[in-house]
Structure formats: structure tokens, C-alpha cells
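Numbering (my numbering), first residue to last: 894 to 1055.
I have placed the structure first, in the form of C-alpha cells, so that the comments after it can refer back to it.
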Amino acid sequence: MMTILLVDANDADASLLASALRVEGFEVMTAKSAHEARSTLAAHPTALTIVDLMLRGCAESESHGSSGLDFARELRTRYPAMRVLLTSAYYLSERQLERADCGVSGFIPKPYDLREVVEFVRNKLAGPPSSRRLWCAEPPSGVSVRPGSEPADATADVGRAR
């Protein structure tokens, strides 16, 4: 059974996704901050961590200027075998993620398409590391999202939005 850490300060979003993943047989731990996530990972390493892009205070110093993107970079450095997904209501394309050079395995837009997320986790991330590829889910139809024009612009915009 794969263990997943879900890092999101939004209780409703975290609860929804955690419940859907648990129903499918995954063990899910949650954290509301990067600080809490670091403590959890030190005690219980995971194969996959899902990080909200809008997470604040993610740098070691817990500065207000850092984001979930910074924390994703930190996780990839500290845990090279760990797979990291970003999630946000702000849509980031595959190209934006590649240019942001954060080393994540993919992006999940909010609101969640739970079937698509569970299928991806089960089929792609649960497989061998060689099967990894960058994956960006499309936002659900009818949902208005705010795309960024470039990764730096997108992450700067979403960082100011909350």
C-alpha cells in the first residue's frame, strides 16, 4: 500500500482528497503546513506528497514570501525518490511546470476530478519510477481557472492571490 502525504491548509480540500484516496486503499497522512509536513516526513517517509501551490511559509525560515513551489523543490532535494504533485485552483500547464524547474511529477487542478486523480495515482505514480512522466490534469469542464502566462508570472500571481 502506498503512503501519501497531503499538505494543504484548506481543511475541506484536504479532507475531500484524503477520503477519496483512502477509499481506494491508500494510506493518507495530512499536514496543514510545511513545518508540520517536515515533521511527518521525518517520522514517516512517503512515496508521494501532494502540495498545495498556495501553501505559505514553506521555507525553512518559514518566511512569508515562500510558496508550495518552494516546498516542492525542497522535497525533491531532500527526498529524490519521492514523487511530488502540486495542486491549486490556479491552473499550471505542463510547460509552466517544466520551466519552473521544481521537479514535480504533475499538477492537479482544484476543484478535484477525484476519479482522474485516483486513477493517476494508482496507474502512474504507483508504478516504477521509470514510468514517471509529467502530468497535468485539465480543469473540470465549466470551471473557470486563471492560467499564468509563464511559470514565474503564474507562481508570483498565485502567491499574491491568497
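In this text, a Cβ means the ideal position worked out from N, Cα and C, and glycines have one as well.
For E920, does the count of other Cβ atoms within 10 angstroms reach 16, so buried, or fall short, so exposed?
E920 comes out exposed.
How about the region 1006-1013 and the region 927-938: do they share at least three Cβ pairs that are nearer than 8 Å?
In short, these stretches do not touch, since the Cβ pair count stays below three.
Go ahead and pull the three-state DSSP assignment for S926.
Correct three-state label for S926: coil.
Assuming S960 and L946 form a contact by the criterion Cβ under 8 Å, report the distance between their Cβ atoms to the nearest whole angstrom.
That belief holds up - the Cβ atoms of S960 and L946 are roughly 6 Å apart, short of 8 Å.
Using a threshold of 8 Å, state whether the C-beta atoms of M975 and L941 are closer than that.
Taking 8 Å as the Cβ cut-off, M975 and L941 qualify as a contacting pair.
In or out: P1002 buried (at least 16 other Cβ within 10 Å) or exposed?
Under this definition P1002 is a buried residue.
When the distance is taken between beta carbons, is V916 closer than 8 Å to L948?
No, these two residues do not count as a Cβ contact at 8 Å.
Candidates I897, A924, S981, V997: which alpha carbon is nearest R966's?
If we check each option's Cα against that of R966, V997 comes out closest.
Whole angstroms is fine: what's the gap from L898's alpha carbon to N1016's?
Their Cα atoms are separated by approximately 18 Å.
Sort out for me which residues DSSP pairs L899 with in a bridge.
T923, I943.
Relative to the C-alpha of V944, which residue among E1012, F1013, A907 is closest?
For V944, the nearest C-alpha among the options comes from A907.
In the DSSP assignment, find the beta strand (DSSP E) that holds L979 and state where it starts and stops.
Note, L979: beta strand (DSSP E), 976-981.
How big is the Cα-Cα spacing for P1004 and A982?
Looking at the two C-alpha atoms, the distance is approximately 7 Å.
Contact defined as beta carbons within less than 8 Å: I believe T923 pairs with A911. What is the distance between those atoms, to the nearest angstrom?
About 6 Å separates the two Cβ atoms, so the contact holds.
Near R969, which residues of its chain fall below 8 Å by C-beta distance, leaving aside the five closest residues on each side in sequence?
Correct list, in chain order: M975, V977, C995, G996, V997.
Between which two residues does the beta strand (DSSP E) harbouring G999 extend?
999-1002 is the span of the beta strand (DSSP E), which, as asked, contains G999.
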